[in-house]
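Working notes for the structure below.
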Amino acid sequence: MRRFRVWWLALALPLVVALPVWRDSPPGRALSRLDSPARRAFFRWRGPREAPENPLLLAIDSESLELADLLTAEERRASPLWRRMGPWPWPRALQAELAAITLRGGATRVLVNIEFSQPSRYGPADDAAAQAVLAPWRERVHLVSGYQLERRQGMDQIKLSRPVLDLGPAGLAVLLQSDDGLAEAVPGRRWWREQLAGFAPPHPLPMAFLVRPEALTEEPLGLNFRGPAGTLPSLPAWRIQQVSPETWNDRTVVIGATTPELGDQQETPYGAMSGSEVLATAVGNVLVGDGLRPLPALGSGLLLLLWGVGALVVLSRPITALGTATAAIALMASALGVAYGFWLWAQLSLPLAALLLSPLLGGGLRMAAQAREELRERAYLHQVLAHRISPTLLNDILRNPGPLWNRAGGQRCRCVLLFSDLVAFTPLSAVLDPGELFALLNRYFEVMAEAVLAEQGLLDKFIGDSVMAEFGVPRSRGDRLEARAAVRAALAMQRGLEGINRELAARNRPPLRHGIGLHVGEVIAGNLGSSQRLEFTVVGASVNVASRLEGLTRRYPQHPILISAALQALLPGELEVEPLGAHLLKGWPEPLEVLALQGLRSPVRSPTCSLDDLSEALLVSGVIPPHPPESDPSGSC
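Here the numbering used here = 1-based position in the sequence shown + 92.
Here you go:
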């Protein structure tokens with residue numbers, strides 16, 4: 093039992109590491125990083141979704157930068173905006189005019205994803221002009237605060253630069269990325285406090301939360317991407333005068349570069365996307381309230397506890413390595429399905445890596461221990477049974493040993509018992525040379541064993557000059573089939589003895605005579621013995637009856653095979669027998685009807701094959717397996 097307890101620890105370890113109190117530890121962070129591939133897969137499974145109308149991205153795209161190639165000189169001269177548009181960078185007054193157009197049309201606020209931390213290259217007049225253009229809507233225009241993290245001499249140094257224009261609260265366009273560089277989340281309050289603690293307030297919020305400061309979450313807000321680049325509502329900057337002013341009414345506008353030539357390209361689950369479109373995605377998540385959030389600490393702890401208990405119960409049930417592997421896979425599939433459901437419909441991110449690793453590690457260790465135990469059992473069974481049953485039955489048992497071999501107390505079942513013993517062999521052994529005696533016994537046992545194994549019987553033991561065999565353990569084909577197999581084996585043993593006697597007659601040796609007893613009934617089958625040596629055998633009153641029937645052959649020397657009426661009842665009309673009346677056998681409470689077996693009739697088949705006949709034929713041919721211990725309706729092993 094101790095070796096199996098290790099898997100409990102393996103089961104619990106990922107769940108403990110995933111608890112909120114350990115989330116910031118190195119193992120906790122490593123476990124959280126393992127969730128990224130799953131979230132990326134979730135986006136692919138879900139596919140693109142329709143984007144909300146808010147926000148609208150005013151894109152500084154490649155067309156806006158190459159307007160001279162799109163429009164004639166005359167067309168450009170007709171528009172003051174078009175005349176000033178050209179290669180980047182544009183004058184800040186021009187960028188301010190773009191924002192002003194949207195605000196005049198009724199935009200609620202404008203987020204400019206362009207850093208103004210240094211004076212304009214067009215001179216102070218450009219900055220002053222931009223400030224003047226946006227003055228009427230000063231609190232509704234938000235610029236980017238520059239954030240730069242550098243590592244120098246083994247220490248992290250943060251540089252925070254504020255915009256030179258005096259407008260509404262500035263914001264941070266920082267995004268958290270996965271280990272493989274995918275934009276994943278907007279920083280939360282905890283990150284904000286830790287990173288900006290050394291700077292004088294006010295501290296700029298993450299830019300996406302400027303539209304709803306009250307929505308700032310303690311933990312990072314996962315980006316719920318709608319689809320690949322171009323999914324969100326957007327308008328090229330050069331077309332701003334071609335749309336109705338109502339286009340901007342009651343909308344949040346994000347202004348920023350989208351062309352790869354200006355850099356700021358982010359990797360997302362749907363491929364490369366401009367930083368401005370990623371920012372617009374984050375703004376939309378905050379406005380709609382469908383950003384991806386981690387499970388609250390209390391809920392996460394409760395989930396991990398319940399999952400651990402449930403996984404422990406599920407993985408404790410299977411008794412085979414294959415069953416444990418199946419249970420572990422089922423648990424992992426369930427975790428994946430539940431996590432995807434929460435992610436898709438509740439926008440909650442579960443600690444999926446912990447939920448998957450828990451049954452993987454715990455179930456894997458338990459499965460490995462069970463597999464080692466099964467290999468040991470198979471080796472033991474092969475050693476014990478290789479010379480006691482037929483190769484076909486041995487292979488079947490080795491494929492599926494079943495619980496019978498693991499039960500020291502045994503299992504109740506039905507089988508057909510066969511006892512065979514040489515008659516008057518003791519006087520003969522006294523006059524034979526020991527070498528000749530052993531050779532004769534080995535020859536006799538070889539013939540007897542061959543008859544039993546040919547009928548899929550189990551050679552239980554050799555006791556002196558006696559043979560004990562069973563039909564129906566450890567696998568049963570049904571009482572009727574086992575009874576017929578036992579009868580055929582007994583008749584084959586008798587024919588084999590006749591062959592031995594012909595060999596003895598050729599050497600002028602006296603013939604051998606044996607008695608055989610057959611009975612069917614309940615027994616206890618299992619491993620019997622001490623801790624140093626166990627032996628699979630059967631015990632019970634039915635064993636004694638078969639032995640007494642064999643002993644009764646001394647009174648009927650002309651009838652070497654005696655069977656019980658219970659056995660004959662299983663094969664009505666198939667046996668040639670001679671009734672010998674009721675006999676009171678030692679150890680049996682009432683007289684037992686005894687019959688002398690003389691032969692086996694060929695059953696008369698009807699033109700149509702019955703279902704029983706078909707099942708029997710399939711069992712004999714091995715097309716369908718024998719009854720396992722759990723499913724045999726007759727109670728056989």
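Virtual Cβ for every residue (Gly too), placed ideally from N, Cα, C. Values in this document were obtained by computation on a predicted structure and should not be read as measured data.
Q) Using the C-alpha atoms, what's the distance from V204 back to R285? A) If you take the alpha carbons of R285 and V204, they lie about 24 Å apart.
Q.
Could you tell me the alpha carbon to alpha carbon distance between N377 and L313, rounded to whole angstroms?
A. When rounded, the separation of the alpha-carbon atoms in N377 and L313 is 9 Å.
Q. Going straight from the alpha carbon of G454 to that of A577, what length do you get?
A. Straight through space, the alpha carbons of A577 and G454 are spaced by roughly 46 Å.
Q.
On a Cα-Cα basis, can you pick out the residue from V233, A575, H295 that is closest to L663?
A. Looking at the Cα atoms, A575 is the closest of the given residues.
Q | From D525, V515, G673, residue whose alpha carbon lies closest to that of T645 | A | Ranked by Cα distance from T645, the first of D525, V515, G673 is V515.
Q: Could you please give me the residues that DSSP links to V236 through a beta bridge?
A: Partner(s): E207, G263.
**Q.** Contact check, R232 vs V202, beta carbons under 9 Å
**A.** A Cβ-Cβ contact shorter than 9 Å links R232 with V202.
Q) In chain order, what residues of the same chain lie with their CB nearer than 6 Å to the CB of V544, ignoring the 5 residues before and after it? A) The answer, listed in chain order, is L551, A561, A581.
Q | Burial state of S694 (16 or more Cβ within 10 Å) | A | Result: exposed.
Q. Straight-line CA distance for A220 to L257?
A. Rounded to whole angstroms, A220 and L257 show a C-alpha spacing of 8 Å.
Q. If you follow the alpha helix (DSSP H) that Q187 is part of, which residue opens it and which one closes it?
A. Q187 -> alpha helix (DSSP H) spans 184-196.
Q) For A102, which residues of its own chain have a beta-carbon under 7 Å away from its beta-carbon, when the five flanking residues on both sides are left out? A) L453, G454, L457, listed in sequence order.
Q: Would you kindly work out how many angstroms separate the C-alpha atoms of R281 and P305, rounded to a whole number?
A: Taking the straight line joining both Cα atoms gives about 11 Å.
Q: Rounded to whole angstroms, what's the CA-CA distance from E682 to R647? Just pull it up for me.
A: Just so you know, the alpha carbons of E682 and R647 end up roughly 19 Å apart.
**Q.** The beta strand (DSSP E) enclosing E359, as first and last residue numbers
**A.** Per DSSP, E359 belongs to the beta strand (DSSP E) from 357-360.
Q | As assigned by DSSP and simplified to three states, the class of M177 | A | If DSSP states are grouped into helix, strand and coil, M177 belongs with coil.
Q | 8 Å Cβ shell around V109 - same chain, five flanking residues per side excluded | A | These residues qualify, in order along the chain: S117, P119, G120, L123, A446.
Q | Nonlocal neighbours in the same chain, by C-beta distance under 8 Å from A104, ignoring five residues either side | A | For A104, where only same-chain residues beyond five positions count, the Cβ hits under 8 Å are G400, S450, G454.
Q) When the Cα atoms are used, what is the spatial distance from S558 to S512? A) Taking the straight line joining both Cα atoms gives about 5 Å.
Q) If you run the structure through DSSP and keep just helix, strand and coil, what is T731? A) An answer regarding residue 731 cannot be provided, because it is not within the stretch 93 to 729 covered by the chain.
Q: Return helix, strand or coil for G367, following the three-state DSSP convention.
A: Helix.
Q. Ordered along the chain, which non-local residues of its own chain (more than five positions away) have a Cβ less than 7 Å from that of L226?
A. Counting only Cβ-Cβ distances below 7 Å, and skipping sequence neighbours, we find A188, A191, A192, V233, L259.
Q | Alpha-carbon spacing of V98 relative to M459, whole angstroms | A | A direct Cα-to-Cα measurement between V98 and M459 gives close to 12 Å.
**Q.** Nearest-angstrom Cα separation, counted from A633 out to C507
**A.** Approximately 12 Å between the Cα atoms of the pair.
Q: Identify, in the order they occur along the chain, each residue of the same chain with its Cβ nearer than 6 Å to the Cβ of L529, setting aside the five sequence neighbours on each side.
A: Correct list, in chain order: S521.
Q.
DSSP three-state label for A220, please.
A. DSSP, read as helix, strand or coil, puts A220 in helix.
**Q.** Per DSSP, the bridge partner or partners of I555
**A.** Beta-bridge pairing by DSSP links I555 to S558.
Q: Take P112 and list the residues in its own chain whose beta-carbon comes closer than 7 Å to its own, dropping the five residues that flank it on each side.
A: Annotation for P112: A389, S392, G393 place their beta carbon closer than 7 Å to its own, counting only its chain and skipping 5 residues before and after.
Q. When burial is assigned at 16 or more other CB atoms within 10 Å of the CB, is W182 buried or exposed?
A. Per the 10 Å Cβ criterion, buried.
Q: Might you give, ordered along the chain, the residues of its own chain that have their beta carbon closer than 6 Å to the beta carbon of G367, omitting 5 neighbours on each side?
A: Once the five neighbours on either side are set aside, the close Cβ partners of G367 are D356, Q358.
Q: Decide yes or no for the touch test of the stretch 584-598 against the stretch 635-642: beta carbon pairs closer than 8 Å, at least 3 of them.
A: Counting C-beta pairs closer than 8 Å gives fewer than three between the stretch 584-598 and the stretch 635-642, which falls short of the contact rule.
Q: Just list the alpha helix (DSSP H) runs in the stretch 505-561, keeping only unbroken ones of 4 residues or longer that don't cross its boundaries, in chain order.
A: For the stretch 505-561, whole alpha helix (DSSP H) runs of length 4 or above, ordered along the chain, are 517-523, 526-546.
Q: Run the CB neighbour count on V375, radius 10 Å, all protein chains shown included, and call it buried at 16 or more, exposed below.
A: Counting other Cβ atoms within 10 Å of its Cβ, V375 reaches 16 or more and is therefore classed as buried.
Q. Comparing alpha-carbon positions, which option in A275, A463, G363 lies nearest L371?
A. Answer by Cα proximity: A275.
Q.
Measuring only the C-alpha atoms, how far is A422 from L428?
A. About 10 Å.
Q) Taking the Cβ atom as the reference point for each residue, do A431 and L414 lie within a distance shorter than 9 Å? A) The Cβ atoms of A431 and L414 do not sit closer than 9 Å to each other.
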